[in-house]
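What follows is a single structure, written as structure tokens, with notes after it.
Numbering (the UniProt record's numbering), first residue to last: 1 to 511.
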């Protein structure tokens, strides 16, 4: 369904949920001149230094299909060097002194903030998102680093008696592999990297093949601050990602991507009983009750479905609407979509850029074609953008499809939203739960207490009332169930997943 081997996945930034009803034009206008990123050299980072490059490939702008820059292709020997550097650094004071790590993480946050405009410009061009959204994504990375720079270690006592006590002590896991997707390459990287470093681990990072540039540039800045070998990178296609998962020197893998790829990651890690965090696909349902204020919530629902061109693991991907307000909601969403401004990410008026790659664009288009072939109606959208060669699709609102249609059962991961009527909340919850995925879900109602009770019955980990897919919060864990994976990122649970928790039994009576 999605390209890139062990390299795919999803997330959102914090500034895209704007009121869609205020826009006035469908497209950004005629073809514009795009300022290209200079064809600078990009290098992987191994042991604190730039690694040699034996081969490169083109990274293209998904809006124009022009070359942004060329990225290195890592070899198996490069991977060995990166893992060796991480293992060597894991035996130093970095692993044992939280005060040192916190101080350096604070410096890292300041360094990234200082070059945020430069990073956002590169991110917009290689990923396709509007530059304002790219800046918000870099800003989120800064906030995550700053949070962990201030985070104290959580003390846990399991038992206290006159003659004994039992405490929990924590240790880093070692060298951790971080495999990061193309939809939110910096936000998702930092959701893994910041707690991994806080816990005292060293890392080898594998970005997605289509979006390596911002990661390489950001890691080069961090390497100016962190001890040599704490942070290392490898780039290339899925083969190098698989080799990273299978490498004996990697003690844990944190992967964000599609469910089929997550299954392969789990299988590859199994022979070594390697620790895993898997944040996989999602097909989040939102349920709009009869008493919801459609006028007020429609722009928010639209933003939560179409942020980042719908390329968000916890986007609203199925919208169930009570039959009494169904027509009103469908009409309101259609009107918003009709006026949504689609264009290249660097255009200042763009609200939605292209999809990141051809395979994803073609997948979404196939789902729309299938919906029409089986009696569905596309109220608006689904077309490419005139005058551009990139992977554009205008936001589509679809109705008249069954729960068994592909666009409802499969994860579209793109700008197409099926809207389906229901007659009772119990029915809607049963239909929402009839999915292999279990990432997120939401209830929209003026009765918050009843909505919270209903939301708790959804088979998903991240539950919302009158909101959906809120920006990553470092204090709140994020994870999935069923085919959406297991393990957590962020919050205390996420820190636990990057630590080895040991049980320390002390007999004080003998002394």
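Ideal placement from N, C-alpha and C gives every residue a C-beta, glycine not left out. A quick note: this is a predicted structure, and the numbers were derived from the prediction, not measured.
Task: Delimiting residues of the beta strand (DSSP E) encompassing residue 197 - done: Mapped onto the chain shown, residue 197 falls at position 197. No beta strand (DSSP E) holds residue 197; the alpha helix (DSSP H) holding it covers 185-198.
TODO: Assuming residue 415 and residue 408 form a contact by the criterion Cβ under 8 Å, report the distance between their Cβ atoms to the nearest whole angstrom.
DONE: As a position in the chain shown, residue 415 is number 415, starting the count at 1. As a position in the chain shown, residue 408 is number 408, starting the count at 1. Actually they are not in contact, since the Cβ atoms of residue 415 and residue 408 sit about 16 Å apart, beyond 8 Å.
Task: Cα-Cα separation, residue 50 to residue 41 - done: Residue numbering aside, residue 50 sits at position 50 when the chain shown is read from its first letter. Residue numbering aside, residue 41 sits at position 41 when the chain shown is read from its first letter. Distance between the alpha carbons of residue 50 and residue 41: 11 Å.
Task: When 128, 172 and 446 are compared against residue 96, the one with the closest alpha-carbon - done: If you number the chain shown from 1, residue 96 lands on position 96. Among 128, 172 and 446, the Cα nearest to that of residue 96 belongs to 172.
Open item on the list: Below 8 Å, how does it come out for the stretch 304-320 and the stretch 428-443: are there three or more Cβ pairs, yes or no?
Closed with: yes
Open item on the list: Tell me the DSSP secondary structure of residue 241 in three-state form.
Closed with: Taking the chain shown and counting its residues from 1, the one referred to as residue 241 is at position 241. Residue 241 falls in the helix class under three-state DSSP.
TODO: Could you tell me whether the Cβ atoms of residue 107 and residue 225 are closer together than 9 Å?
DONE: To locate residue 107, count along the chain shown from 1; it is residue 107. To locate residue 225, count along the chain shown from 1; it is residue 225. In contact: residue 107 and residue 225 (Cβ atoms closer than 9 Å).
Open item on the list: Please return the same chain residues whose Cβ sits closer than 8 Å to the Cβ of residue 492, not counting the five positions on each side in sequence.
Closed with: Taking the first residue of the chain shown as 1, we reach residue 492 at position 492. Excluding positions up to five away in sequence, the list reads 154 and 477.
Task: Same chain, Cβ closer than 6 Å to residue 196, neighbours up to 5 away in sequence not counted - done: Within the chain shown, numbered from 1, the residue matching residue 196 stands at position 196. Answer for residue 196: 176, 203 and 498, listed in chain order.
Task: Where the beta strand (DSSP E) through residue 254 begins and ends - done: If you number the chain shown from 1, residue 254 lands on position 254. Residues 252-256.
Task: The beta strand (DSSP E) enclosing residue 433, as first and last residue numbers - done: To locate residue 433, count along the chain shown from 1; it is residue 433. Unbroken run through residue 433 is the alpha helix (DSSP H), 425-433; no beta strand (DSSP E).
TODO: Could you tell me the distance, in whole angstroms, from the CA atom of residue 435 to the CA atom of residue 399?
DONE: In the chain shown, residue 435 corresponds to position 435, counting from 1. In the chain shown, residue 399 corresponds to position 399, counting from 1. In a straight line, the C-alpha of residue 435 is about 19 Å away from that of residue 399.
- [ ] Give me the Cα-Cα distance between residue 447 and residue 291, rounded to the nearest whole angstrom.
- [x] Locating residue 447 in the chain shown gives position 447, counting from the first residue. Locating residue 291 in the chain shown gives position 291, counting from the first residue. Near 8 Å, if we compare the C-alpha coordinates of residue 291 and residue 447.
Open item on the list: Could you tell me the alpha carbon to alpha carbon distance between residue 33 and residue 118, rounded to whole angstroms?
Closed with: One-based indexing of the chain shown puts residue 33 at position 33. One-based indexing of the chain shown puts residue 118 at position 118. Because the pLDDT at residue 33 is just 41, under 50, the model does not fix this residue reliably, and the point stays unresolved.
Task: 3-residue-minimum beta strand (DSSP E) runs that sit fully inside the stretch 370-424, ordered along the chain - done: 377-380, 396-399 and 416-422
Task: Within the stretch 33-96, ranges of the alpha helix (DSSP H) (whole runs, at least 4 residues) - done: 76-89
Task: Nearest to residue 52 (by Cα), restricted to the options 68, 79 and 64 - done: Here residue 52 refers to the residue found at position 52 when the chain shown is read from its first residue. Comparing Cα-Cα distances from residue 52 to each of 68, 79 and 64, the minimum goes to 79.
- [ ] Determine the direct distance from the alpha carbon of residue 116 to that of residue 57, and round the result to whole angstroms.
- [x] Locating residue 57 in the chain shown gives position 57, where the first residue counts as 1. Locating residue 116 in the chain shown gives position 116, where the first residue counts as 1. Residue 57 and residue 116: Cα-Cα distance of roughly 25 Å.
Task: Whether residue 355 touches residue 406 by CB criterion (9 Å) - done: By 1-based counting over the chain shown, the position of residue 355 is 355. By 1-based counting over the chain shown, the position of residue 406 is 406. Their beta carbons are not under 9 Å apart, which means residue 355 does not touch residue 406 by this criterion.
Open item on the list: At the level of alpha carbons, what is the spacing between residue 397 and residue 472?
Closed with: Walking along the chain shown from the start, residue 397 turns up at place 397. Walking along the chain shown from the start, residue 472 turns up at place 472. Those two C-alpha atoms are separated by around 27 Å.
TODO: Return helix, strand or coil for residue 492, following the three-state DSSP convention.
DONE: As a working note, residue 492 is residue 492 in the chain shown. It is helical.
Open item on the list: My output table needs one value for residue 22: the three-state DSSP class, helix, strand or coil.
Closed with: Here residue 22 corresponds to residue number 22 of the chain shown, with the count starting at 1. Because the pLDDT at residue 22 is just 30, under 50, the model does not fix this residue reliably, and the value given afterwards should be weighed accordingly. Reduced to three states, the DSSP call for residue 22 is helix.
Task: DSSP state of residue 246 mapped onto helix, strand, coil - done: One-based indexing of the chain shown puts residue 246 at position 246. It is helical.
Task: Simplified DSSP state of residue 498, which is helix, strand or coil - done: Locating residue 498 in the chain shown gives position 498, counting from the first residue. Three-state result, residue 498: coil.
Task: residue 347 (DSSP reduced to helix, strand or coil) - done: Against the chain shown, residue 347 aligns to sequence position 347. Residue state, collapsed to three classes: coil.
Open item on the list: By DSSP's criteria, residue 485 is part of a beta bridge. Which residues make up the other side?
Closed with: Within the chain shown, residue 485 is the residue found at index 485, counting from 1. Its beta-bridge partners are 279.
Open item on the list: From the DSSP secondary-structure annotation, give me the bridge partner or partners of residue 322.
Closed with: In the chain shown, the residue the question calls residue 322 occupies position 322. Residue 322 pairs with 422.
TODO: Helix, strand or coil for residue 225, going by three-state DSSP, please let me know.
DONE: Position 225 of the chain shown, counted from the first residue, corresponds to residue 225. DSSP places residue 225 in coil when its eight states are reduced to three.
Open item on the list: Can you confirm whether the stretch 480-489 touches the stretch 279-289 when touching is taken to mean that 3 or more C-beta pairs between the two stretches lie within less than 8 Å?
Closed with: yes
Open item on the list: Buried or exposed for residue 375, going by 16 or more other Cβ atoms inside 10 Å?
Closed with: Taking the chain shown and counting its residues from 1, the one referred to as residue 375 is at position 375. That one is exposed.
- [ ] Kindly list the residues whose CB is nearer than 6 Å to the CB of residue 36, restricted to its own chain and excluding five residues on each side of it in sequence; keep chain order.
- [x] Here the question's residue 36 lines up with position 36 in the chain shown. Below a pLDDT of 50, predicted positions are generally treated as unreliable, and residue 36, at 46, falls in that range; the measurement from the model is reported next regardless. There are no such residues.
Open item on the list: For a test of the three-state rule: what should DSSP assign to residue 341, helix, strand or coil?
Closed with: For the purposes of this step, residue 341 is identified with residue 341 of the chain shown, where counting begins at 1. The answer is coil: DSSP assigns residue 341 none of H, G, I, E or B.
- [ ] Given a cut-off of 9 Å, decide if residue 510 and residue 480 are closer than it, judged by their beta-carbon atoms.
- [x] Residue 480 sits at position 480 when you count from the first residue of the chain shown. Residue 510 sits at position 510 when you count from the first residue of the chain shown. Taking 9 Å as the Cβ cut-off, residue 480 and residue 510 do not qualify as a contacting pair.
Open item on the list: Do residue 207 and residue 193 have their beta-carbon atoms positioned less than 9 Å apart in this structure?
Closed with: In the chain shown, residue 193 corresponds to position 193, counting from 1. In the chain shown, residue 207 corresponds to position 207, counting from 1. Against a cut-off of 9 Å, the Cβ pair of residue 207 and residue 193 comes out as no contact.
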